[in-house]
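Going line by line, the protein sequences match chains A and B. My numbering puts the first residue of the first sequence at 1, with every later residue one more than the last. My numbering puts the first residue of the second sequence at 1001, with every later residue one more than the last.
Protein chains: 2
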Amino acid sequence: MTSVSTRDSVWLRGERPHRDRRLTREQIVGVTVEILDTEGRDGLSMRRVASALGVSPGALYWYVTTKDHLMELALDAVLGEVLEGLQGTPGVPGWRSALGRIAGGSRAMFLRHPWVLADLATQPNLGPNALALADTGLEILADAGFADGDLDAALAAINDHVTGAVVAENAWRSVAARMGADGDDWTEEAGGFFKEVEERHPRLAARMAASGKIDIDRECARRFEFGLACLLDGLESRLP
Amino acid sequence: MTSVSTRDSVWLRGERPHRDRRLTREQIVGVTVEILDTEGRDGLSMRRVASALGVSPGALYWYVTTKDHLMELALDAVLGEVLEGLQGTPGVPGWRSALGRIAGGSRAMFLRHPWVLADLATQPNLGPNALALADTGLEILADAGFADGDLDAALAAINDHVTGAVVAENAWRSVAARMGADGDDWTEEAGGFFKEVEERHPRLAARMAASGKIDIDRECARRFEFGLACLLDGLESRLP
DNA sequence: ACCTGAACACCGTTCAAGT
DNA sequence: ACCTGAACACCGTTCAAGT
């Protein structure tokens, strides 16, 4: 109901005092993420979360002021997975591979929880895990020799590549899933579509045909690494 | 209602035959974009569009099978603006600046219509304007000397940078708008937030403070160009 | 302090019935 | 062929009233 620009964030408000609660924010966020993962964005409703917890819908509003706030919490929760994946393994040498690990871990997380992507565009990301992730990125880049404005811009460039790549990958996968699912009445309509692409944009049609034959997983991973390598090369050449 | 993976696209279905319609798809899409621009994503409803057109809600379903399809049409409509902006001016020399112009034009369009960003993550983009835009990108890169897999990956990398950057910019702007809007009861809660950031992540807090003093427009533009330049450098070094 | 139950003001979508 | 009107099955959110 509220417009994007005036919406406030969970992270700018304190949590309420408590005495004898039966629920926890963690519980609520937990089932929220579960529902989002299994049923997708459209499958989530306050009522659905409430029934999964065996509680009435209104009860949730004691713990969370709004559905948007709940989504913010869910977003930060899955960002936490990236941090966990990082601390499990030993540190790698070199800033390039260190950043590559974070980027790769983030990408994997986004592919596990595709519903987060729509959140990123809508909600500011001020949760503790988001901040910690940003800070470790800054640390790596600062140690590498970046400072001031270049420091911010370098981190932003890498983050942008990750989110942009996963957004595109997700869109592609949803098309591919539809195509592979059933060739029922689908192919006749879509046949006309492809024929038109062929006529109007032969170059594009050729590329679509070429990449259509390839395994999507491999191709997406390849493009991701290609872009990341280009970016890191460009960054490296800007080191003082 | 339908899950992302099984949702079909407007562009894979033909339009219906017609005789004496009072409405047009263009009209409907037009007011849809208008509402999205002024009222934001949450302000849009089928009923709202219908009433703006002076028609009953059910009437829209004669022209458009679903709200998601309408959003797909709106998405491609605003992508058309990028193409228009391109053909108005004379071609620039050099593949780097040619791509820079497309990237810049796309960024400007995304900032004019921030609601598109959530769409990108959710819906595949198979509209005529999206295809035309991709094709001109391919043309520029092919002329520059890229071919086969590198061609796809190069275009993807640039597109990813644009969408990723605008997603981040949009999120940042929504925070800034909130902070600038009113310092009523806001500052007390948020003061605690910033103090916590300072304690836990001093490096991040320093960067936040530094970039907080800068004009957002300039800073976002700077980061965008920085990342793009890094990327183009990396691409250039990969030319055969 | 926490939760229920019921209500309010919305949604997207369908579908008879009209013209 | 196109549109209306009313309905169906949902929403998010609020708030008295209970414990």
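For each residue, glycine too, the CB sits at the ideal point set by N, CA and C.
What residue range does the alpha helix (DSSP H) around A:W95 cover?
As a position in the first sequence, residue 95 of chain A is number 95, starting the count at 1. Looking at the DSSP string, the run of the alpha helix (DSSP H) that includes A:W95 is 95-112.
Span of the alpha helix (DSSP H) holding A:V33?
By one-based count along the first sequence, residue 33 of chain A stands at place 33. 25-39 is the extent of the alpha helix (DSSP H) around A:V33.
Quick one: give me the first and last residue of the alpha helix (DSSP H) that B:A1147 is part of.
If you number the second sequence from 1, residue 1147 of chain B lands on position 147. No alpha helix (DSSP H) holds B:A1147; DSSP gives it neither H nor E.
Alpha carbons only, please: which of B:M1208, B:A1156, B:N1170 is nearest the one belonging to B:L1232?
Counting from 1 along the second sequence, the entry for residue 1232 of chain B is found at position 232. The candidate whose alpha carbon is nearest that of B:L1232 is B:A1156.
Could you say which of A:E169, A:G43, A:L141 lies nearest to A:R223 if we only look at CA atoms?
To locate residue 223 of chain A, count along the first sequence from 1; it is residue 223. Taking only the C-alpha atoms, the option nearest A:R223 is A:E169.
Grab me the residues of A:W172's own chain with a C-beta within less than 8 Å of its C-beta, minus the 5 sequence neighbours each way, in chain order.
As a position in the first sequence, residue 172 of chain A is number 172, starting the count at 1. Taken in chain order, the residues that qualify are I216, C220.
Can you tell me which of the three DSSP states B:T1163 falls into?
Counting from 1 along the second sequence, the entry for residue 1163 of chain B is found at position 163. DSSP places B:T1163 in helix when its eight states are reduced to three.
Quick one: Cα of A:R33 to Cα of A:A74, how far?
Numbered from 1 along the first sequence, position 33 holds the residue referred to as residue 33 of chain A. Numbered from 1 along the first sequence, position 74 holds the residue referred to as residue 74 of chain A. Here the sequence assigns Val to residue 33 of chain A, which means Arg is not the residue at that position. One C-alpha to the other measures close to 6 Å.
Quick check: is the beta carbon of B:F1146 nearer than 9 Å to any beta carbon in chain A?
Sequence index remark: in the second sequence, residue 1146 of chain B carries index 146 (1-based). Output row for B:F1146: interface = no.
Taking one C-beta from the stretch 1058-1065 of chain B and one from the stretch 1089-1107 of chain B each time, how about it: are there three or more such pairs within less than 8 Å?
no
How is A:P128 classed by DSSP in three states: helix, strand or coil?
By 1-based counting over the first sequence, the position of residue 128 of chain A is 128. Helix at A:P128.
Here's the rule I'm using: 16 or more other beta-carbon atoms within 10 Å means buried, otherwise exposed. How should A:G191 be labelled?
Translated into the one-based positions of the first sequence, residue 191 of chain A becomes position 191. Label assigned to A:G191: exposed.
Span of the alpha helix (DSSP H) around A:G80:
Against the first sequence, residue 80 of chain A aligns to sequence position 80. 67-88 is the span of the alpha helix (DSSP H), which, as asked, contains A:G80.
Assuming A:V49 is part of the alpha helix (DSSP H), what are its boundary residues?
Counted from its first residue, the first sequence places residue 49 of chain A at position 49. Element bounds for A:V49: 46-52.
What residues in the stretch 112-124 of chain A bring their beta carbon closer than 8 Å to a beta carbon of chain B?
P114, L117, A118, L120, A121, T122, Q123, P124
Backbone CA spacing between B:G1050 and B:I1028 [nearest angstrom]:
Taking the second sequence and counting its residues from 1, the one referred to as residue 1050 of chain B is at position 50. Taking the second sequence and counting its residues from 1, the one referred to as residue 1028 of chain B is at position 28. It is Ala, not Gly, that sits at residue 1050 of chain B in the sequence shown. Each residue's Cα considered, the two are about 8 Å apart.
Do you know offhand how far B:D1150's Cα is from B:L1120's?
In the second sequence, the residue the question calls residue 1150 of chain B occupies position 150. In the second sequence, the residue the question calls residue 1120 of chain B occupies position 120. Going by the C-alpha atoms only, they are around 23 Å apart.
Under 9 Å between C-beta atoms, does B:A1074 make it to chain A?
One-based indexing of the second sequence puts residue 1074 of chain B at position 74. Output row for B:A1074: interface = no.
Quick one, are the C-beta atoms of B:S1097 and A:P124 less than 9 Å apart?
Mapped onto the second sequence, residue 1097 of chain B falls at position 97. Mapped onto the first sequence, residue 124 of chain A falls at position 124. No, the pair does not count as a contact, with Cβ atoms beyond the cut-off.
Using a Cβ-Cβ cut-off of 9 Å, state whether B:S1009 counts as contacting chain A.
Looking up residue 1009 of chain B in the second sequence gives position 9. Cβ-Cβ to chain A under 9 Å: yes for B:S1009.
Starting from B:H1202, trace the alpha helix (DSSP H) in both directions and tell me its first and last residue.
As a position in the second sequence, residue 1202 of chain B is number 202, starting the count at 1. Correcting the residue type first, residue 1202 of chain B is Pro in the shown sequence and not His. That run of the alpha helix (DSSP H) goes 1202-1212.
For a contact defined as C-beta to C-beta under 8 Å, what are the partners of A:N159 on chain B?
Numbered from its first residue, the first sequence carries residue 159 of chain A at position 159. The contacting residues are G1164, A1168.
Is there a C-beta anywhere in chain A that falls below 9 Å from the one on B:P1057?
Stepping through the second sequence from its first residue, residue 1057 of chain B is reached at position 57. Chain A contact via Cβ: absent.
Report the CB separation of B:G1164 from A:G164 in whole angstroms; it is logged as a contact under 8 Å.
For this step, residue 1164 of chain B is matched to residue 164 along the second sequence. For this step, residue 164 of chain A is matched to residue 164 along the first sequence. At roughly 3 Å, the Cβ-Cβ gap stays under 8 Å, so B:G1164 and A:G164 are in contact.
Is it the case that the stretch 1125-1132 of chain B contacts the stretch 198-217 of chain A, given that we only count it when at least three CB pairs across the two stretches are under 8 Å?
yes
Between the CA atoms of A:L117 and A:R41 - distance to the nearest angstrom:
Translated into the one-based positions of the first sequence, residue 41 of chain A becomes position 41. Translated into the one-based positions of the first sequence, residue 117 of chain A becomes position 117. Taking the straight line joining both Cα atoms gives about 10 Å.
Helix, strand or coil for B:S1005, going by three-state DSSP, please let me know.
As a first step, residue 1005 of chain B must be located in the second sequence, where it is residue number 5. Bear in mind that the predicted position of B:S1005 carries a pLDDT of just 37, short of 50, making it unreliable; the figure below should be weighed with that in mind. B:S1005: helix per DSSP, three-state reduction.
Own chain residues within Cβ distance below 8 Å of B:A1142, not counting five before or after
The residue given as residue 1142 of chain B occupies position 142 in the second sequence. Correct list, in chain order: L1151.
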